[in-house]
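Numbering-wise (full-length UniProt numbering), the sequence shown opens with residue 1 and increments by one.
No residue lacks a Cβ here, since even glycine has one placed at the ideal position from N, Cα and C.
Data first, discussion second: the structure below is written as structure tokens.
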Amino acid sequence: MNDASPPAPPPAQPRNPLHGLTLEAIVTALSEEYGWEGLDARIPLRCFAFEPSVKSSLKFLRKTPWAREKVEGLYLFMLRERKRQTRP
């Protein structure tokens, strides 16, 4: 007997700020916040230093897990700093 029920949806992650974000959205937000030079200063990667673009950065970061972790960590730091700056 073949049960054709749809797969269960993934569990919600309400406390994970990266949940639902694409790597492209993260790189775009960081480049807007810090600029490419600022990104290279914080995470020295060739894709941020030489002819940087979102497309070239995504290509590298998708193949390089340790670099992606650093970029995600910087994004979380940026979110914390923004939150801290908006507090009275």
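On the criterion of 16 or more Cβ atoms from any shown chain inside 10 Å, does Pro44 qualify as buried, or is it exposed?
Exposed, by the Cβ-count rule.
Sufficient close CB pairs (3 or more, under 8 Å) joining the region 76-86 to the region 53-65:
Flag = no, the region 76-86 and the region 53-65 do not touch.
Which listed residue (Thr22, Leu30 and His19) has its alpha carbon closest to that of Phe77
Comparing Cα positions, the closest option is Leu30.
Distance, Ile26 Cα to Ala49 Cα
Spanning the alpha carbons of Ala49 and Ile26 requires a straight line of approximately 18 Å.
Can you tell me which of the three DSSP states Thr22 falls into?
Coil at Thr22, not helix or strand.
Apply the 10 Å Cβ neighbour rule to Leu21 and answer buried if 16 or more other Cβ atoms are within range, or exposed otherwise.
The residue is exposed, with fewer than 16 neighbouring Cβ atoms inside 10 Å.
Could you tell me the alpha carbon to alpha carbon distance between Leu23 and Leu58, rounded to whole angstroms?
If you take the alpha carbons of Leu23 and Leu58, they lie about 7 Å apart.
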